[in-house]
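Student: Read the sequence shown against the numbering used here and you will find it ends at 471, with the numbers running on by one and no gaps.
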Amino acid sequence: MSTTLITGGTVVTASGTQDADVLVEGEKIAMVLARRPGVEVTMAADRIIDATGKYVLPGGIDVHTHMEMPFGGTFSVDTFETGTRAAAWGGTTTIVDFAVQAKGTSLLATLDKWHAKADGNCAIDYGFHMIVSDVNDTTLKEMEACVSAGVNSFKMFMAYPGVFYATDGEILLAMQQAARLGATICMHAENGIAIDQLVAQALAAGRTDPVYHGLTRPPELEGEATSRAITLAAVAACPLYIVHLSASQALAAVAQARDTGQNVFAETCPQYLYLSLDDLARPDFEGAKFVASPPLRPREHQDSLWRGLRTNDLSVVSTDHCPFCFKDGKELGRGDFSKIPNGMPGVEHRMDLLHQGVVAGQLSLPRWVEVASTTPARMFGLYPRKGVIAAGSDADIVIYDPQATQTLSAATHHMNVDYSAYEGMQITGRVVTTLSRGSVVIDDGEYLGRAGHGTFLARGLNQYLL
Ligand code: URP
Ligand code: ZN
Ligand code: ZN
Numbered sequence: 006m007s008t009t010l011i012t013g014g015t016v017v018t019a020s021g022t023q024d025a026d027v028l029v030e031g032e033k034i035a036m037v038l039a040r041r042p043g044v045e046v047t048m049a050a051d052r053i054i055d056a057t058g059k060y061v062l063p064g065g066i067d068v069h070t071h072m073e074m075p076f077g078g079t080f081s082v083d084t085f086e087t088g089t090r091a092a093a094w095g096g097t098t099t100i101v102d103f104a105v106q107a108k109g110t111s112l113l114a115t116l117d118k119w120h121a122k123a124d125g126n127c128a129i130d131y132g133f134h135m136i137v138s139d140v141n142d143t144t145l146k147e148m149e150a151c152v153s154a155g156v157n158s159f160k161m162f163m164a165y166p167g168v169f170y171a172t173d174g175e176i177l178l179a180m181q182q183a184a185r186l187g188a189t190i191c192m193h194a195e196n197g198i199a200i201d202q203l204v205a206q207a208l209a210a211g212r213t214d215p216v217y218h219g220l221t222r223p224p225e226l227e228g229e230a231t232s233r234a235i236t237l238a239a240v241a242a243c244p245l246y247i248v249h250l251s252a253s254q255a256l257a258a259v260a261q262a263r264d265t266g267q268n269v270f271a272e273t274c275p276q277y278l279y280l281s282l283d284d285l286a287r288p289d290f291e292g293a294k295f296v297a298s299p300p301l302r303p304r305e306h307q308d309s310l311w312r313g314l315r316t317n318d319l320s321v322v323s324t325d326h327c328p329f330c331f332k333d334g335k336e337l338g339r340g341d342f343s344k345i346p347n348g349m350p351g352v353e354h355r356m357d358l359l360h361q362g363v364v365a366g367q368l369s370l371p372r373w374v375e376v377a378s379t380t381p382a383r384m385f386g387l388y389p390r391k392g393v394i395a396a397g398s399d400a401d402i403v404i405y406d407p408q409a410t411q412t413l414s415a416a417t418h419h420m421n422v423d424y425s426a427y428e429g430m431q432i433t434g435r436v437v438t439t440l441s442r443g444s445v446v447i448d449d450g451e452y453l454g455r456a457g458h459g460t461f462l463a464r465g466l467n468q469y470l471l
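1) Of all the options Gly21, Glu30 and Asp124, which has the alpha carbon lying nearest to the alpha carbon of aspartate 399?
2) Using three-state DSSP, classify aspartate 283 as helix, strand or coil.
3) To which residues of the same chain is proline 215 closer than 6 Å at the C-beta, ignoring the five residues directly before and after it?
4) Is the beta carbon of arginine 302 less than 8 Å from the beta carbon of serine 251?
5) Please report the distance separating the alpha-carbon of leucine 358 from that of valine 436.
6) Taking only three categories from DSSP, how would you classify aspartate 26?
7) What span of residues does the alpha helix (DSSP H) with leucine 62 cover, start to end?
8) Where lysine 160 and tyrosine 277 are concerned, what is the direct C-alpha to C-alpha distance, given to the nearest angstrom?
9) Looking at aspartate 67 and threonine 273, is the spacing between their C-beta atoms short of 8 Å?
10) Decide yes or no for the touch test of the region 95–109 against the region 58–74: beta carbon pairs closer than 8 Å, at least 3 of them.
11) Alpha carbon to alpha carbon, how far is proline 63 from alanine 114?
12) When you compare the CB positions of threonine 9 and aspartate 51, do they come within less than 8 Å of one another, or not?
13) Could you tell me the distance, in whole angstroms, from the CA atom of threonine 460 to the CA atom of isoleucine 129?
14) Please name the residue, chosen from Val376, Gly334, Val374 and Ser111, that lies closest to valine 82 on a Cα-to-Cα basis.
15) Let's test the definition: count the other Cβ atoms within 10 Å of the Cβ of methionine 6 and tell me whether it reaches 16, buried, or not, exposed.
16) What is the DSSP secondary structure of methionine 148, counted as helix, strand or coil?
17) For alanine 238 and leucine 245, which I take to be in contact (beta-carbon distance under 8 Å), what is that distance rounded to the nearest angstrom?
18) With H, G and I counted as helix, E and B as strand and the rest as coil, what does DSSP make of histidine 193?
19) Over what stretch of residues does the beta strand (DSSP E) that includes phenylalanine 162 continue unbroken?
20) Could you tell me the alpha carbon to alpha carbon distance between glutamine 307 and asparagine 126, rounded to whole angstroms?
21) Can you tell which of Leu337, Thr144 and Gln206 has its C-alpha closest to the C-alpha of glycine 78?
22) Could you name each continuous beta strand (DSSP E) segment of 3 residues or more that falls completely within the region 169–237, going from the start of the chain to the end?
23) Looking at threonine 98 and proline 371, is the spacing between their C-beta atoms short of 8 Å?
24) Closer than 7 Å to a non-hydrogen atom of ligand 3 - does that hold for the CB of aspartate 284?
25) Thinking C-alpha only, which one of Glu451, Arg442 and Gly397 is nearest glycine 457?
26) Are the CB atoms of phenylalanine 331 and tyrosine 424 within a distance shorter than 8 Å?
27) Do you know how far the Cα of valine 352 is from the Cα of threonine 412?
28) What are the residues that DSSP puts in a beta bridge with alanine 104?
29) Which first and last residues belong to the beta strand (DSSP E) in which methionine 36 is found?
30) Please tell me whether aspartate 55 and arginine 40 are closer than 8 Å, where the distance is taken between their beta carbons.
31) What three-state label does DSSP hand tyrosine 4 in the structure shown?
32) Grouping DSSP H, G and I as helix and E and B as strand, with all else coil, what is glutamine 361?
33) Could you tell me whether any non-hydrogen atom of ligand 2 is closer than 7 Å to the CB of valine 352?
34) Per DSSP, threonine 461 forms a beta bridge with which residues?
35) So, with DSSP's three-state summary, where would you put aspartate 67?
36) May I have the straight-line CA-CA distance separating glycine 362 from valine 156, to the nearest angstrom?
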C-alpha cells in the first residue's frame, strides 16, 4: 500500500485549525499528527508533500451539479468526465449530481441511465439525487428502491409548469413517502404558475431581453414558494432542503422554520453571493450568460445571504453547476429570454469564491470548510467517510495556498464552456494539490487524474435530523 505524508501545513476542519502532518495509507487517512514546538517526529512515506504555508483541507463536496442535463431541447455541456475534472482543479473531490426522471419514465430506469453516463468517466467520487417529475404510484414505490440503492434525496420543482413542475398535492404525496423512508426532499422553490403569467405578460409587451428573466421571477415568489414548501413538509413531517436559495424573503422563511425546530435546511450558491440583477442587465445579450433559476437578485440580497451563512440558516454552498455555452446555447434565447437555457457554470470555482469570503472577513476559516465540505457530507449521508481530515476517512485532501493569486477566465478554466461568469475576477488563494482517495489528481498546475478513478457513493441518511 503506498503512503503519502503531507507535512508542514495547517489542517483546517469545521472545528478549527491545527498545525499538523497528515499520513495517507492507500485510499485512507491513517493519522493526523499535531506538530508541537521542540518535539521532532519522523515518519517515512513513499511520497512527501511539503505543505508549509498552505492549508490542508478536506476535499470540497458540491452537492448540486447537473452534468449532461437535458434542458429546453439541449444538454448542459459538461460531461461527467469534463465536469469532474474541472471540479478537481478547483479542490472539489465529491459531487452529488441530479438524475432527471423524464415524464412517463421510471425512477429506476432513470438511475440506470445516470449510472451509465457516469460510470468509468469520473475523475472524483460522485453520488446522485433523483429529480422526481412524474408523481404516481409507481414512482412513489420506486423511491424506496432508490433509497436502498444509495439515493435518498429527491428533488422536486414548484417551478417550470409542464416540464418538472409538481402540484402541491403531488409534492405532499412525495413528502409523505420521503418521511416514511427517512429521505430528504430537495425543493426548487419558485411559484412557477405565477411566474409563467409574468413571463407571458413581458413577452406580449415586447420585453424580450435577458434582464426580464430576473424581473419576471420576483423574490417574493421565491419567498412564497419556500414558505409553502415548509408548510407542506411540516404536514408530512418530512425533512426539507431548499436548493439554490437566492432571496432574503426565502431565507426569512427558512430561518423561522428552523427556529421552531423543523427539519428544514437550505443551500445557496456563489452566483447569489457575488453576482446580481445588474449582470443579467448587461447589454448586447451578454446578460444571457447569467440566466439561471432562481435568477440573480438585486445586490441587497447578498448581505442577508452572507449573514445566513454565518447563522447557519444557510448551511451549505453548492454551485448548481449547469453550464450552457453562449454560442449555440444561450443564443437560443435571442429575442425571447424565456428560451435561454437556464443554468450557469461554476463547479471549478466554489472553493476559491468562498475563500474570498474568508479574505473579506465574511466567513471564518473553519466555517469555509464547514459549508463547502463537512456539512454537505453530513446532510447527504457521506460523513465521516467524506468531509473531514481524520484517521479512517477517505484521503480526499486539498492543499490550498492562501497567498497565491489568480484571475478567473474562460481562457484558463477547465469547464467545457465558452465563457466565465466571473471573467477577470481577481482571486486570492489557489488549489495547489488535490488528492482523491489518496491519488493525486491535480498537482501544481497539472492534471494527473484519470476518468474512471471516481466511484459511485451509495449515501446514508441525512445526519442532521431531529
Ligand atoms: O437554472 C438552473 N438552476 N438550472 C439548473 C436546474 C435547476 O433548477 O437547478
Ligand atoms: Zn432548481
Ligand atoms: Zn440545479
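Backbone N, C-alpha and C fix where the C-beta goes; we use that ideal spot for every residue, glycine too.
Here the structure is a predicted model, which means the values were calculated and not measured.
Tutor: To lay it out plainly:
1) Start at 1 with the first residue of the sequence shown, and residue 399 comes out as number 394. Ranked by Cα distance from aspartate 399, the options Gly21, Glu30 and Asp124 are led by Glu30.
2) The count along the sequence shown starts at 1 and reaches residue 283 at position 278. Helix at aspartate 283.
3) The residue given as residue 215 occupies position 210 in the sequence shown. Contacts found: Leu285, Gly292, Ala293, Val296 and Phe342.
4) For the purposes of this step, residue 302 is identified with residue 297 of the sequence shown, where counting begins at 1. For the purposes of this step, residue 251 is identified with residue 246 of the sequence shown, where counting begins at 1. Yes. Within cutoff.
5) By one-based count along the sequence shown, residue 358 stands at place 353. By one-based count along the sequence shown, residue 436 stands at place 431. Whole-angstrom Cα-Cα distance: 12 Å.
6) Here the question's residue 26 lines up with position 21 in the sequence shown. Looking at aspartate 26 - three-state DSSP - the assignment turns out to be strand.
7) Here residue 62 refers to the residue found at position 57 of the sequence shown. Not the alpha helix (DSSP H): leucine 62 falls in the beta strand (DSSP E), residues 60–63.
8) The sequence position of residue 160 within the sequence shown is 155, counting from 1. The sequence position of residue 277 within the sequence shown is 272, counting from 1. Their Cα atoms are separated by approximately 20 Å.
9) Taking the first residue of the sequence shown as 1, we reach residue 273 at position 268. Taking the first residue of the sequence shown as 1, we reach residue 67 at position 62. Not a contact, by the Cβ cut-off of 8 Å.
10) These segments touch.
11) As a working mapping, residue 63 is identified with position 58 in the sequence shown. As a working mapping, residue 114 is identified with position 109 in the sequence shown. It is roughly 34 Å from the alpha-carbon of proline 63 to the alpha-carbon of alanine 114.
12) Walking along the sequence shown from the start, residue 9 turns up at place 4. Walking along the sequence shown from the start, residue 51 turns up at place 46. Result yes, Cβ atoms of threonine 9 and aspartate 51 sit closer than 8 Å.
13) The count along the sequence shown starts at 1 and reaches residue 460 at position 455. The count along the sequence shown starts at 1 and reaches residue 129 at position 124. Rounded to the nearest whole angstrom, the CA to CA distance from threonine 460 to isoleucine 129 is 7 Å.
14) Taking the first residue of the sequence shown as 1, we reach residue 82 at position 77. Checked all of Val376, Gly334, Val374 and Ser111; the closest Cα to valine 82 is Gly334.
15) Position 1 of the sequence shown, counted from the start, is the residue given in the question as residue 6. So methionine 6 counts as exposed.
16) For the purposes of this step, residue 148 is taken as the residue at position 143 of the sequence shown. Here methionine 148 sits in helix by DSSP.
17) Sequence index remark: in the sequence shown, residue 238 carries index 233 (1-based). Sequence index remark: in the sequence shown, residue 245 carries index 240 (1-based). By a beta-carbon distance limit of 8 Å, alanine 238 contacts leucine 245. Their separation comes to about 4 Å.
18) Within the sequence shown, residue 193 is the residue found at index 188, counting from 1. Strand.
19) Translated into positions along the sequence shown, residue 162 becomes position 157. From DSSP, the beta strand (DSSP E) with phenylalanine 162 extends over 158–162.
20) Stepping through the sequence shown from its first residue, residue 307 is reached at position 302. Stepping through the sequence shown from its first residue, residue 126 is reached at position 121. Spanning the two alpha carbons is a distance of roughly 36 Å.
21) Taking the first residue of the sequence shown as 1, we reach residue 78 at position 73. Of the candidates Leu337, Thr144 and Gln206, the one whose C-alpha sits nearest the C-alpha of glycine 78 is Leu337.
22) Unbroken beta strand (DSSP E) runs of no fewer than 3 residues, entirely contained in the region 169–237, are found at 189–193, following chain order.
23) Position 366 of the sequence shown, counting from 1, holds the residue named residue 371. Position 93 of the sequence shown, counting from 1, holds the residue named residue 98. Cβ distance not < 8 Å, so proline 371 and threonine 98 don't count as in contact.
24) Start at 1 with the first residue of the sequence shown, and residue 284 comes out as number 279. The answer is no for aspartate 284.
25) Along the sequence shown, one-based indexing puts residue 457 at 452. If we check each option's Cα against that of glycine 457, Arg442 comes out closest.
26) Mapped onto the sequence shown, residue 424 falls at position 419. Mapped onto the sequence shown, residue 331 falls at position 326. Taking 8 Å as the Cβ cut-off, tyrosine 424 and phenylalanine 331 qualify as a contacting pair.
27) The residue labelled residue 412 in the question sits at position 407 within the sequence shown. The residue labelled residue 352 in the question sits at position 347 within the sequence shown. Each residue's Cα considered, the two are about 16 Å apart.
28) Within the sequence shown, the letter at position 99 stands for residue 104. Answer is Met135.
29) Your numbering for residue 36 matches position 31 in the sequence shown. Where methionine 36 is concerned, the enclosing beta strand (DSSP E) stretches over 33–39.
30) On the sequence shown, residue 55 is found 50 positions in, with the first residue counted as 1. On the sequence shown, residue 40 is found 35 positions in, with the first residue counted as 1. For the pair aspartate 55 and arginine 40, the CB atoms are not nearer than the 8 Å cut-off.
31) In this structure the chain extends from 6 to 471, so residue 4 is not present and cannot be described.
32) Translated into the one-based positions of the sequence shown, residue 361 becomes position 356. Per DSSP, reduced to three states, the secondary structure at glutamine 361 is helical.
33) Here the question's residue 352 lines up with position 347 in the sequence shown. The answer is no for valine 352.
34) Here residue 461 is taken as the residue at index 456 of the sequence shown, counted from 1. Contrary to the premise, residue 461 reads as phenylalanine rather than threonine in this sequence. Tyr131.
35) Start at 1 with the first residue of the sequence shown, and residue 67 comes out as number 62. Aspartate 67 falls in the strand class under three-state DSSP.
36) As a working mapping, residue 362 is identified with position 357 in the sequence shown. As a working mapping, residue 156 is identified with position 151 in the sequence shown. Their backbone Cα atoms lie some 32 Å apart in a straight line.
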